[in-house]
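What follows is a set of notes on a single structure, which appears directly below.
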Amino acid sequence: MNKKRLILLILAAVLAVFTMGCQFQEEAPGLEVDDVAIYFGVSSYAMFGADEETLRYLADTYRNLEVEPVSGEMDLTSMLTVNLFHQNQQVGSFSVDQNGNIWKDGGTQCYRAPNGCDYGKIKQIYLNSQPS
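In terms of mature numbering (1 follows the signal peptide of the UniProt record, and there is no 0), the sequence shown is residues -24 to -1, 1 to 108.
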């Protein structure tokens, strides 16, 4: 009976560790963002500013970006660069391309995010900001 209880306890602990490690933490501490700029590839149009919900989404994406190095190359023609600001000072940045390659904080080492980085949603934010 004690052996079954020990195995059950270990399985519960392992499950708890994995589920806690995979949670997306909205509004994680340590990063305040009050402005944003998004650039798309080599386009001359850049998006500046966003509503609170969009700022929160982009800041949360950056905060929760857990990346692993890969040997891929960034597709510069589809790359979206997100610069995050607080009180006119840049506090973080990341770039993502349509293939899921990521650059973080101005670096050029390619990464992938196992938990994902929603390129489509960020591109839609950028496209929706363009004048008609």
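Ideal Cβ placement from N, Cα and C applies to all residues, glycine included. These numbers were taken from a predicted model, which means no experiment stands behind them.
Here the alpha carbon of Q74 sits roughly 6 angstroms from the alpha carbon of S54. The beta carbon of R88 sits closer than 8 angstroms to those of V43, E44, V46, G48, G76, N77, I78, all from its chain and outside the five residues before and after it, given in chain order. A distance below 8 angstroms separates the beta carbons of D81 and G68. Counted as a single uninterrupted DSSP element, the beta strand (DSSP E) harbouring T57 occupies residues 56 to 62.
Under the three-state reduction of DSSP output, A26 falls in the coil class, being neither helix nor strand. Counting only residues of its own chain and dropping the five nearest sequence neighbours on each side, D11 has a CB closer than 7 angstroms to the CB of G25, F61. Collapsing the DSSP output to three states places Y87 in a strand. In the DSSP annotation of this structure, Q66 is not part of any alpha helix (DSSP H); the continuous beta strand (DSSP E) holding it starts and ends at 65 to 72.
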